[in-house]
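Undergrad:
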Amino acid sequence: MKKRLSCVFLLFSVIVLSGCWDQRELKNIRMVHMAGIDLMENGLVKLTVSIPTVKSSLESSAKVVTPKVSAEGHTVLEASNFLQQVVSQHMDLREIRILLVNEKYAKKDLYEGLDFFYREAHFPISVYIAVTNSSAHNIVQLAVEDRSLISEYLYDLLKSGEEDGMIPRESPYLISSTLNKPGKDIVLPYVISSSIKGRARIDGIALFHNKKMTGKLKDEVARTFVMLSPQKSHGMLTEQIGPKDSYVTFSFESKHENMKIDTQNGITVNLYATLLCQLVDNPTGEKLNESKTVEMGRQLERLLTERAKEMVKQLQTANCDGYGIGYRIKATNPHLWETLAWETTYPKIKIEPHITVNVRNRGLLN
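Counting in full-length UniProt numbering, the sequence shown tops out at residue 366, every number present.
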């Protein structure tokens with residue numbers, strides 16, 4: 001009897017659960033792979049999307065074409081609705097890989113633009129969000145010779161930027177929650193058009209306070225920010241500290257140490273990082289003994305520490321708590337946190353960066 005009841009229950013379950021009300025067949029949708037948001041001079045918002053499409057004919061084999069269409073509206077949602085009127089099928093965001101926002105829009109209110117995408121049930125968690133200097137529309141329109149999809153090119157560009165320690169790793173869903181809470185501010189990759197036709201390049205990171213972009217760190221200073229961040233980073237450094245004032249190149253790996261916060265006499269924050277370096281290029285060909293290598297390490301340490309101090313100054317000028325110092329104080333000293341007006345306190349606290357350089361060996365140069 002029990003066996004019969006089990007069979008009936010399983011049969012009923014198969015009938016009831018065999019379908020889903022939220023079905024969207026691929027033949028009825030158009031997958032958006034990249035989107036750009038621009039705030040125009042007239043105050044309207046331009047939304048530009050890239051929609052790869054497989055085009056085939058009897059005479060030739062199938063190939064991928066990538067239409068890029070734009071529409072303007074008072075909000076991102078209205079612009080999207082206008083776009084939907086000219087796109088033949090429903091636009092689906094589940095495959096989107098890159099979301100670009102121009103600097104003018106980012107300085108107005110980044111969250112207004114992100115809110116439209118976050119409300120999409122299928123918005124992916126692996127998307128890259130970046131700021132561009134002038135027009136997101138122009139970046140979306142780039143035609144890269146060795147890639148059929150501009151979204152793939154930019155995705156790989158930003159991915160390699162993370163791996164090379166040029167930009168920090170940021171989760172799009174953590175970005176959303178961070179924008180609405182004091183004690184931690186976001187930073188995003190800053191992308192510009194390259195002088196090489198059809199290419200873009202990473203030009204540092206955009207700094208935010210609350211929901212608005214408030215500053216920018218250029219290439220080398222941005223790399224220093226990543227060195228002192230909690231995530232491990234590695235990459236290459238070329239500096240003028242070699243024999244006869246020559247430029248030498250190091251490969252490095254940074255090991256982050258926990259920040260230390262002293263609240264006894266005001267707030268003092270110490271940031272620490274250790275760089276394990278290897279000299280990989282010495283154009284002079286001069287033999288480097290241990291004492292010369294140690295001296296180069298000291299010079300690099302002084303140079304990076306000064307650069308880190310400049311980075312901290314720019315962070316505080318932009319009122320960007322990119323390291324989440326406020327979060328740390330809130331977690332370890334909640335009573336103190338309740339007394340602080342972090343908006344005005346953060347730019348005035350003392351932040352001291354400490355970078356230690358260890359040149360481990362000289363590879364095959366000697």
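From the three backbone atoms N, C-alpha and C, an ideal C-beta is built for every residue, glycine too.
Measure the beta-carbon distance from I129 to V140 and round it to whole angstroms, keeping in mind my assumption that it falls under 8 Å.
TA: Sequence index remark: in the sequence shown, residue 129 carries index 129 (1-based). Sequence index remark: in the sequence shown, residue 140 carries index 140 (1-based). Distance from I129 to V140 at the Cβ level is roughly 14 Å; contact not present, criterion being Cβ atoms closer than 8 Å.
Undergrad: Check whether the region 275-291 and the region 243-252 are in contact - that is, three or more C-beta pairs closer than 8 Å.
TA: yes
Undergrad: According to the neighbour-count rule (16 or more other Cβ atoms, all chains shown, within 10 Å of its Cβ), is D156 buried or exposed?
TA: Position 156 of the sequence shown, counting from 1, holds the residue named residue 156. Exposed.
Undergrad: G204: buried (16+ other C-beta within 10 angstroms of its C-beta) or exposed?
TA: Locating residue 204 in the sequence shown gives position 204, counting from the first residue. Its Cβ being crowded by 16 or more others within 10 Å, G204 is buried.
Undergrad: Check whether the Cβ atoms of P189 and G235 sit closer than 8 Å, and answer yes or no.
TA: For the purposes of this step, residue 189 is taken as residue 189 along the sequence shown, with counting starting at 1. For the purposes of this step, residue 235 is taken as residue 235 along the sequence shown, with counting starting at 1. Result no, Cβ atoms of P189 and G235 do not sit closer than 8 Å.
Undergrad: Closer than 6 Å by C-beta to M296: which residues in its own chain qualify, once you throw out the five before and the five after it? Chain order, please.
TA: Along the sequence shown, one-based indexing puts residue 296 at 296. Excluding sequence neighbours, M296 sits near I241.
Undergrad: Does the separation of the CB atoms of R94 and P124 fall below 8 Å?
TA: The residue you call residue 94 lines up with position 94 of the sequence shown. The residue you call residue 124 lines up with position 124 of the sequence shown. Going by C-beta atoms, R94 is nearer than 8 Å to P124.
Undergrad: Ordered along the chain, which non-local residues of its own chain (more than five positions away) have a Cβ less than 6 Å from that of E25?
TA: By one-based count along the sequence shown, residue 25 stands at place 25. Residue placement at E25 is poorly supported in this model, since its pLDDT is 49, which falls under 50; the coordinates still yield a value, given next. Nothing listed; no residue qualifies.
Undergrad: Between which residues of its own chain and L83 is the CB-CB distance below 8 Å, once the five residues before and five after are set aside?
TA: Your numbering for residue 83 matches position 83 in the sequence shown. Here the set comprises L47, V49, V69, S70, A71 and M91.
Undergrad: So if DSSP puts E72 in a beta bridge, which residue, or which two residues, is it bridged to?
TA: In the sequence shown, residue 72 corresponds to position 72, counting from 1. Per DSSP, K46.
Undergrad: Would you give the residue range spanned by the alpha helix (DSSP H) that G242 belongs to?
TA: By 1-based counting over the sequence shown, the position of residue 242 is 242. Neither: G242 is in no alpha helix (DSSP H) and is coded neither H nor E.
Undergrad: What residues match up with R131 in a beta bridge as DSSP calls it?
TA: The residue labelled residue 131 in the question sits at position 131 within the sequence shown. Contrary to the premise, residue 131 reads as Val rather than Arg in this sequence. V131 is bridged to V101 and Y190.
Undergrad: Taking Cβ positions, are K212 and L110 nearer each other than 8 Å?
TA: Here residue 212 corresponds to residue number 212 of the sequence shown, with the count starting at 1. Here residue 110 corresponds to residue number 110 of the sequence shown, with the count starting at 1. Cβ distance < 8 Å, so K212 and L110 count as in contact.
Undergrad: What would DSSP say about R360, mapped onto helix, strand or coil?
TA: Numbered from 1 along the sequence shown, position 360 holds the residue referred to as residue 360. It is a strand residue.
Undergrad: Could you name the residues that DSSP lists as bridge partners for A206?
TA: Locating residue 206 in the sequence shown gives position 206, where the first residue counts as 1. Answer by DSSP bridge pairing, in chain order: L188 and K216.
Undergrad: What first and last residue would you give for the beta strand (DSSP E) that runs through E257?
TA: Counting from one through the sequence shown, the residue named residue 257 turns up at place 257. Per DSSP, E257 belongs to the beta strand (DSSP E) from V248 to D262.
Undergrad: Is the closest heavy atom of the ligand FMN to the C-beta of E72 under 7 Å?
TA: The model depicted lacks the ligand FMN and carries no ligand whatsoever.
Undergrad: Excluding the 5 residues flanking A222 on each side, which residues of the same chain have their C-beta closer than 6 Å to its C-beta?
TA: Here residue 222 refers to the residue found at position 222 of the sequence shown. Within the same chain, A222 has close Cβ partners G204 and I205.
Undergrad: Using DSSP's beta-bridge definition, name the partner residues of E352.
TA: Residue mapping note: residue 352 aligns to position 352 of the sequence shown, counting from 1. N270, per the DSSP bridge assignment.
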